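Participant: What follows is a structure written as structure tokens; I'll ask about it next.
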Ligand SMILES: *Cc1c(COP(=O)(O)O)cnc(C)c1O
């Protein structure tokens, strides 16, 4: 089995310079995150609020914490003071709540719109139609404490590369459309351990990689 160091260095070397790595550390114990931190990693992705809070309190303060999992509106206040980027904005209600809590903390929280690009029913996310309605609304224009930085999506869990490629192409096209209205929404967060190389070929500039760094989660 490879060490975290070997895994990390191999991935870092394979990534084009314009692609940001989010090290997905969900379920992993704090010493492993510290090990990756000591190798130079500063961007970590988590999907559970409680775990995120403990890790943020324990680990060095210059870590940028990304929320990548489904987020309930009532839990936003627990992470609003420190979260660096929320990838998983999947409802207007949630976005308004993030804005409210960001305002209380006197900061602007960066967000991505999560799009439903996979075949599976269970994956969260918007359609482009819905997001267009939101971003053209006056209510959206009044949200001064959030910044939409781009889009995020998860492909279908399948070995069929052509399906995955098509879904990544769809998210890339969505990104192009969104940028017409929101020119600073340049992030395309797509690609995980199994498909990040394909995602980069299709225009990803932010990959969320967990098991290829830390080993499988069981
Ligand atoms: C767990 C997770 C990842 C990372 O998955 P790996 O296959 O371990 O790389 C990426 N994105 C999201 C949204 C996740 O929940």
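In the working numbering, the protein residues as written are 622 to 839. Virtual Cβ for every residue (Gly too), placed ideally from N, Cα, C. The structure presented is a predicted model; accordingly, all values stated were derived computationally and were not measured.
Return yes when the C-beta of residue 827 is under 7 Å from any heavy atom of ligand 1, and no when it is not.
Facilitator: As a first step, residue 827 is located in the chain shown; it is residue number 206 there, counting from the start. No - ligand 1 has no heavy atom lying nearer than 7 Å to the Cβ of residue 827.
Participant: Looking at ligand 1, does it come within less than 7 Å of residue 746, judged from the CB to the closest heavy atom?
Facilitator: The residue labelled residue 746 in the question sits at position 125 within the chain shown. No, Cβ of residue 746 sits at least 7 Å from all heavy atoms of ligand 1.
Participant: Assuming contact is defined by CB atoms lying nearer than 8 Å, are residue 649 and residue 706 in contact in what I supplied?
Facilitator: Your numbering for residue 649 matches position 28 in the chain shown. Your numbering for residue 706 matches position 85 in the chain shown. Result no, Cβ atoms of residue 649 and residue 706 do not sit closer than 8 Å.
Participant: Should the stretch 754–769 be called in touch with the stretch 714–729, which here means at least 3 C-beta pairs below 8 Å?
Facilitator: yes
Participant: At a cut-off of 7 Å, is residue 647 close to ligand 3 when judged by its beta-carbon and the heavy atoms of the ligand?
Facilitator: Inclusion of ligand 3 in the displayed structure is not the case, the ligand content consisting of ligand 1 alone.
Participant: Would residue 749 and residue 795 qualify as a contact pair, given that the criterion is a beta-carbon distance under 8 Å?
Facilitator: Numbered from 1 along the chain shown, position 128 holds the residue referred to as residue 749. Numbered from 1 along the chain shown, position 174 holds the residue referred to as residue 795. Yes.
Participant: Where are the alpha helix (DSSP H) runs, 4 residues long or more, that stay fully inside the stretch 625–653, in chain order?
Facilitator: Entirely contained in the stretch 625–653, the alpha helix (DSSP H) runs reaching 4 residues are, in chain order, 625–635.
Participant: Going by Cα to Cα distance, which pick from 671, 709 and 657 is closest to residue 687?
Facilitator: The count along the chain shown starts at 1 and reaches residue 687 at position 66. Among 671, 709 and 657, the Cα nearest to that of residue 687 belongs to 709.
Participant: May I have the straight-line CA-CA distance separating residue 670 from residue 694, to the nearest angstrom?
Facilitator: Working through the chain shown from its first residue, we reach residue 670 at position 49. Working through the chain shown from its first residue, we reach residue 694 at position 73. The alpha-carbon atoms of residue 670 and residue 694 are separated by roughly 11 Å.
Participant: Can you tell me which of 685, 725 and 690 puts its alpha carbon nearest to the alpha carbon of residue 701?
Facilitator: Taking the chain shown and counting its residues from 1, one reaches residue 701 at position 80. Ranking the options by Cα distance to residue 701, first place goes to 725.
Participant: If we call anything under 8 Å between Cβ atoms a contact, is residue 801 one with residue 752?
Facilitator: Along the chain shown, read from residue 1 onward, the residue named residue 801 stands at position 180. Along the chain shown, read from residue 1 onward, the residue named residue 752 stands at position 131. No. Outside cutoff.
Participant: Between residue 676 and residue 651, which are expected to be in contact by the criterion C-beta below 8 Å, what is the C-beta distance as a whole number of angstroms?
Facilitator: The residue you call residue 676 lines up with position 55 of the chain shown. The residue you call residue 651 lines up with position 30 of the chain shown. In this structure residue 676 touches residue 651 by the C-beta definition: roughly 6 Å separates them, less than 8 Å.
Participant: For residue 713, report the span of its alpha helix (DSSP H) as first-last.
Facilitator: Residue mapping note: residue 713 aligns to position 92 of the chain shown, counting from 1. First-last of the alpha helix (DSSP H) with residue 713: 713–725.
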